[in-house]
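Working notes for the structure below.
There are 2 protein chains.
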Amino acid sequence: MKTPAIILVRPQLGENIGACARAMANFGCRELRLVAPRDGWPNPKAADTANKALDVIDDAVLFATAKEAVADCQFVLATTARSRAVNMPVLDTRQAMSALRGRLAKGERCAILFGPERTGLENEEVALADAVLSIPVSEDYTSLNISHAVAVVLSEFYASSSHLLRGSMDSRDKPENDGIMGANKHEIDGLFGQLETALDEVNFWRVPEKKETMWRHVRAALTRAKLTSQEVATWRGIIRALKEGR
Amino acid sequence: MKTPAIILVRPQLGENIGACARAMANFGCRELRLVAPRDGWPNPKAADTANKALDVIDDAVLFATAKEAVADCQFVLATTARSRAVNMPVLDTRQAMSALRGRLAKGERCAILFGPERTGLENEEVALADAVLSIPVSEDYTSLNISHAVAVVLSEFYASSSHLLRGSMDSRDKPENDGIMGANKHEIDGLFGQLETALDEVNFWRVPEKKETMWRHVRAALTRAKLTSQEVATWRGIIRALKEGR
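In the order they appear, the protein sequences are chains A and B.
One point on numbering: in my numbering, the residue at position 237 of the first sequence is 237, and numbering is uninterrupted.
One point on numbering: in my numbering, the residue at position 245 of the second sequence is 491, and numbering is uninterrupted.
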């Protein structure tokens, strides 16, 4: 899978750089570029918080300016929390990752810019990009931690790329596949027959007129459970055991 | 917008609790529940890292066990990094948030469980849930920071909910509407307790070592059925009738 470079522009805290590296590794992205990190480089605090993503930290490449860091790229996204007046496309996370995948698939070098804590990217740095990536956040609290922003963006990249690899454009296309292979109707019917007989024998229905409706409700609940063959056997055992007292 | 409760089960580092609170506020979620935080509560380190999301920390509610924390909920997701052999639906982030939105729209109380750093949720805690939420991550590095997991899940919740509010969501993404208002976990737990006692009394388990796994499977099937309060009452009547023979 082709992946974008992640460019942290003037990052301040080493801990945040490490946390970004960790999020990158979680979602299969390993190319980290650092533009003028405030506390110099290497930074032991970055290594500490990177957890097992040390290779991402070790392989990070330093640049003096954002312009140099994107020089070899054909498609660049600039992440901003606040919307700004920019005359370029503003994409949400899903739209941006869709565009990014298209560019990567064409063989283009791609990168995502993340600005410094507190201030974000300068307008000149945003202007280096082809599009703005604006992560939808609550108006009540718009300040995303930088590593959270990286995790949110790359999780969408990874999940949507995985869907593509699985041959599905979008998980919403498909009914949920919960991985459970249900028992067949014959097995279910055997369970129903046993339960109905057992309930008849203990005079469960009391008011005969109510049986039809009640029994339909009982079966509906068991049907919704989508029991497996194994579970049908277990439940038949439960009914037998309860009925016969071991 | 209705939002889920976020439940952190036995969280270790106060810094992580604070970072989770911050991510929650970024995505409009403010109801934090804490189950037995390792370093006690309140924790000044949580407040430090919560940044401006202090109200989320201040309003956090403490519980002794995960079971108590979900007692008032009708729909619960359990977040796990590693896939496990569970007989319940396993949903990716997008599928899980789609299901969650459907439940919230019906007026159900919903919650998302996140396990402790390193170890994750215990099997017994996963068994409290209606479905497993498995965030797609790279096989090379599956260990997500807990606040990153919260940010990834809630950003998808927020973004997809915003799409719905804007009326632009894909028509394929329909909130789940099966017309069923599920019983809450307290009612379900009452049913489980009665069934377990009844099965103990008839020596159903035979091989004691097998009880834990078998019992988890039995509960999983009933959980998948999404019983209503009325159905819980019916099933309690069924168990009593079978057990006592009218």
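For each residue, glycine too, the CB sits at the ideal point set by N, CA and C.
The DSSP-derived three-state label of Thr3 of chain A is coil. In this structure Gly245 of chain A is exposed. Its beta-carbon is surrounded by fewer than 16 other beta-carbon atoms within 10 angstroms. In the DSSP secondary-structure assignment, Arg279 of chain B is bridged to B:Ile253 and B:Val307. Between the beta-carbon of Gly264 of chain B and that of Lys298 of chain B there is about 11 Å, and that puts the pair past the 8 Å contact cut. Residues Ile6 and Val56 of the same chain have their beta carbon placed closer than 6 Å to that of Met24 of chain A, with the five preceding and five following residues left out of the count. Apart from sequence neighbours up to five positions away, the residues of its chain that approach Val90 of chain A with a beta-carbon distance below 6 Å are Val132 and Ser134, ordered along the chain. Residues of chain A with a Cβ closer than 7 Å to the Cβ of Val398 of chain B are, in chain order, Ala151, Val152 and Ser155.
Beta-bridge partners assigned by DSSP to Ser380 of chain B: B:Thr326. Neighbours of Asp386 of chain B in chain A, taken as residues at a C-beta separation under 8 Å, are given in chain order as Ala25 and Gly28.
Taking the Cβ atoms as the reference, Val150 of chain A lies roughly 6 Å from Phe114 of chain A, within the contact range of under 8 Å. When only Cα atoms are considered, Cys73 of chain A and Ala221 of chain A end up about 56 Å apart. Residues of chain A with a Cβ closer than 7 Å to the Cβ of Leu390 of chain B are, in chain order, Asn26. Against chain B, a Cβ distance below 9 Å from Ser162 of chain A picks out Asp338 and Pro382.
Taking a C-beta distance under 7 Å as the contact criterion, Leu367 of chain B and Ala324 of chain B qualify as a contact pair.
Counting the other Cβ atoms within 10 Å of the Cβ of His217 of chain A gives fewer than 16, which makes it exposed. Using a CB distance below 8 Å, the part of the stretch 203 to 226 of chain A facing chain B consists of Asn203, Phe204, Met214, His217, Val218, Ala221, Leu222, Arg224, Ala225 and Lys226, ordered along the chain.
Residue environment: His186 of chain A is assigned as exposed (fewer than 16 neighbouring CB atoms within 10 Å of its CB, all protein chains considered).
Distance between Leu300 of chain B and Asn123 of chain A, taken at the CA atoms: about 31 Å. Contact annotation for Arg22 of chain A against chain B: Tyr387, Ser389, Leu390, Asn391 and His394 [CB-CB distance below 9 Å, chain order]. With the criterion set as a beta carbon lying under 8 Å from some beta carbon of chain B, the stretch 37 to 48 of chain A has no members that meet it. Gly491 of chain B has a beta carbon lying within less than 7 Å of a beta carbon in chain A. For Ala312 of chain B, the enclosing alpha helix (DSSP H) stretches over residues Ala312 to Ala315. When C-alpha distances from Gln230 of chain A are compared across B:Ser401, B:Asn333, B:Asp435 and B:Gln341, the shortest belongs to B:Asn333. Contact of Ile303 of chain B with chain A by beta-carbon distance below 9 Å is absent, the smallest such distance being about 13 Å. A direct Cα-Cα distance of roughly 45 Å separates Arg10 of chain A from Gly353 of chain B.
CA-CA distance, Arg452 of chain B to Ala50 of chain A, rounds to 49 Å.
In the structure shown, Val332 of chain B falls within a coil segment according to DSSP collapsed to helix, strand and coil.
Here Glu261 of chain B has Lys291 and Thr295 as same chain residues with Cβ atoms under 6 Å from its own Cβ, once five neighbours each way along the sequence are excluded.
Between Ala267 of chain B and Leu278 of chain B a beta carbon distance of about 6 Å is seen, short of the 8 Å cut, so the two are scored as contacting.
Counting only residues of its own chain and dropping the five nearest sequence neighbours on each side, Arg118 of chain A has no CB closer than 6 Å to any other CB. Contact annotation, Ala312 of chain B with Leu374 of chain B: C-beta distance approximately 6 Å; criterion of less than 8 Å satisfied.
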